[in-house]
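The sequence shown lines up with residues 1 to 287 when you count with UniProt numbering. Every residue, glycine too, gets a C-beta built ideally from N, C-alpha and C.
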Amino acid sequence: MVLETGPLSTFLYHGLVERGIAVECICARHAKGVLAARVDKSDVHDAEGLSQLARTGWFKRVHMKASATHIDRAALRIRAQLITTRVAMGNQLRGLLKLFGLRLGAARTPGKRRERLIALYQQRPDLEPLFDPLVASIEVIEDQLRVSNQLLETRAAEDAVCTRLMSVPGVGSITALTFTASIEDPHRFARSEDVGAYAGLVPRRSQSGERDVRGNISKAGDPMLRRSLYEAANIMLCRVQRPFAIQPWGMRIAESKSNKRARIAVARKLAVLLHSLWLNETEFRWI
């Protein structure tokens, strides 16, 4: 049996496996290219096309993660959504204050924001009841974000693989947990270099005859993993004080090309390093 990737594909896949049914999940984007060859689209034609793919074996199998892995990924996505909401509401607060000629300034912590708002309300007392619901909502989101961060940090500290990956400078609990939840099984990849391609951090290539063009990175695969590796690479280049091999290599790329390209290159190198440490069960060693 073959099914396409979709919102319910994980639930359906594990449910069929538990019932002893042989099932494979294939990439919906790849299946679309085959199913689009038919003139008429219908459920019957799609089912027949998928069965033909299963019969010929001309499909790319999608790795289906375990239910426990999806729990970690759900926690990471909830944290990301809380951050997005907090930023959006904070920007909304700043923008609305500017309508009345008031500037919140660099109030990046709850305490400083509260002090700044008290000073602004002294200028316009009528705005306090108006902005209180928005400010209270931001504080609630920040409280829940702290709870989410604590949950993820505890989960990473209890995992031996995450602890090993966090020995790499610039890699914290969120990056380590995102990497393990995205890869799940390091033996899936024949080479550590393939992890960079899996995260969409390799250039696109269009080659035909004498034409061979390399474009921007493919951005294929899991965007959460790619974003996490990029953030860790930025910390490596900007915040880590103790030098190590990858850091000067990335700085040379930044000088010759650009900071963005350097971060992408370091993120790709970091993916290779983390996979190698996981596969070999070793920790990072400063050289």
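In this structure, DSSP gives Gly215 an extended state, which the three-state scheme calls strand.
In the DSSP assignment, Glu24 forms a beta bridge with Val2. Rounded to the nearest whole angstrom, the C-alpha separation of Ile217 and Leu274 is 20 Å. In the three-state reduction of the DSSP assignment, Gln241 falls in the coil class. Relative to the Cα of Leu76, the nearest Cα in the group Ile174, Leu237, Gly105 and Arg38 belongs to Ile174.
Looking at the backbone, the Cα of Lys32 and that of Cys25 are separated by about 14 Å. At least 8 Å separates the beta-carbon of Leu279 from that of Ala254. With a contact defined as Cβ atoms closer than 8 Å, Leu177 and Asp43 miss out at about 39 Å.
The DSSP-derived three-state label of Pro169 is coil. Taken through DSSP and simplified to helix, strand or coil, Pro203 comes out as strand.
Fewer than three pairs of CB atoms, one per stretch, sit closer than 8 Å, so the stretch 219 to 234 makes no contact with the stretch 153 to 165. The alpha carbon of Phe131 has as its nearest neighbour, out of Arg155, Phe189, Thr56 and Leu99, the alpha carbon of Leu99. In this structure, the straight-line span from the alpha carbon of Phe189 to that of Val171 is close to 21 Å. One Cα belongs to Val17, the other to Gln92, and the distance between them is close to 47 Å. Burial state of Met166 is buried, judged by a 10 Å Cβ sphere holding 16 or more other Cβ atoms. Counting C-beta atoms within 10 angstroms of its own C-beta, Ile21 has fewer than 16 neighbours from the protein chains shown and is therefore classed as exposed. Note: Ser256 is not bridge-paired with any residue in the DSSP secondary-structure output. When DSSP states are grouped into helix, strand and coil, Arg113 belongs to the helix group. DSSP places Ser208 within a strand segment (E or B) once states are collapsed to three. Below 8 Å, enough C-beta pairs join the stretch 255 to 271 and the stretch 181 to 201 to call them touching: three or more. Under the DSSP definition of a beta bridge, Arg61 partners with Ile26. By the CB criterion at 8 Å, Arg86 and Leu145 fall inside the cutoff. Gly90 is positioned such that its CB atom lies closer than 8 Å to that of Ile138.
Rounded to the nearest whole angstrom, the C-alpha separation of Leu120 and Ala107 is 12 Å.
By the Cβ neighbour-count rule, Phe59 is buried, with 16 or more other Cβ atoms within 10 Å of its own. For Arg226, the three-state secondary structure derived from DSSP is helix. Inclusion of Ser228 and Phe284 in the CB contact set at 8 Å is not warranted, their separation being larger than that value. DSSP places Val39 in the coil class of the three-state scheme, outside both helix and strand. Counting every other CB atom within 10 Å of its CB across the protein chains shown gives Leu151 a total below 16, marking it as exposed.
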